[in-house]
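Visitor:
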Amino acid sequence: MSKIKNELTTKGKNTIDEIALFERTSKIIENRKHRAQSQANQESVLMFWEVGKYIGSVLLGGERAGYGKQIVVTLSHQLQEKYGSSFERSNIIRMIQFANRFGDEKIVVILSHQLS
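Going letter by letter, the sequence shown gives residues 22 to 137 in the numbering used here.
1. How would you label residue 43, buried or exposed, when you count the other beta carbons within 10 angstroms and need 16 or more for buried?
2. Give a yes or no on contact between the segment 53 to 71 and the segment 91 to 101, applying the rule of three or more CB pairs nearer than 8 Å.
3. Taking only the alpha-carbon atoms, compute the straight-line gap between residue 135 and residue 37 and give it to the nearest angstrom.
4. Taking just the CA atoms, how far does residue 91 sit from residue 63?
5. Would you list, in sequence order, the uninterrupted alpha helix (DSSP H) runs of no fewer than 4 residues that lie entirely inside the segment 60 to 85?
6. From residue 78 to residue 54, what does the alpha carbon distance come to, in whole angstroms?
7. So residue 133 packs on residue 67, CB below 8 Å; how close in whole Å?
8. Residues in the same chain with beta-carbon distance under 6 Å from residue 74, minus the five sequence neighbours each way, listed in chain order, please.
9. By how many angstroms is the C-alpha of residue 109 removed from the C-alpha of residue 65?
10. Residue 127 to residue 71, Cα distance in whole Å?
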């Protein structure tokens, strides 16, 4: 830590290079914000997959396919009211397709790192 402090002092004086201090602090903040956003994106991918997996397997399985389409519309309206436009009917259909396409959660975890 003293090395950093020495780098921020101007020519051995006891004054701090305020520009360098600001730039380094900004870099720390931006780095952590990027990492947090990346982690949030990974969790969103996993959430969408899990929602699609659940809806696809429980509500749309087997003989419920016709009835399930109406359930998706109703569920979509309820989810949109609570969580916003990410849960429009078309997005829920995509979540189901995504979960059907990638049935193994381990693959989705790996994929979520690539997508973030």
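Each residue gets a CB set at the ideal place from its N, CA and C atoms; glycine is no exception. Since the structure is predicted, the reported quantities are computational estimates derived from the model, not experimental observations.
Guide: Taking the definition as stated:
1. The residue labelled residue 43 in the question sits at position 22 within the sequence shown. So residue 43 ends up on the exposed side.
2. No, they do not touch.
3. Counting from one through the sequence shown, the residue named residue 135 turns up at place 114. Counting from one through the sequence shown, the residue named residue 37 turns up at place 16. One C-alpha to the other measures close to 41 Å.
4. By 1-based counting over the sequence shown, the position of residue 63 is 42. By 1-based counting over the sequence shown, the position of residue 91 is 70. C-alpha separation (whole angstroms): 30 Å.
5. The qualifying runs do not exist here; there are none.
6. Within the sequence shown, the letter at position 57 stands for residue 78. Within the sequence shown, the letter at position 33 stands for residue 54. Cα-Cα distance, rounded: 36 Å.
7. Translated into positions along the sequence shown, residue 133 becomes position 112. Translated into positions along the sequence shown, residue 67 becomes position 46. Taking C-beta atoms under 8 Å as the contact rule, residue 133 and residue 67 qualify, at a distance of about 6 Å.
8. Mapped onto the sequence shown, residue 74 falls at position 53. The residues are 120.
9. The sequence position of residue 65 within the sequence shown is 44, counting from 1. The sequence position of residue 109 within the sequence shown is 88, counting from 1. One C-alpha to the other measures close to 15 Å.
10. One-based indexing of the sequence shown puts residue 127 at position 106. One-based indexing of the sequence shown puts residue 71 at position 50. When rounded, the distance between both Cα atoms is 12 Å.
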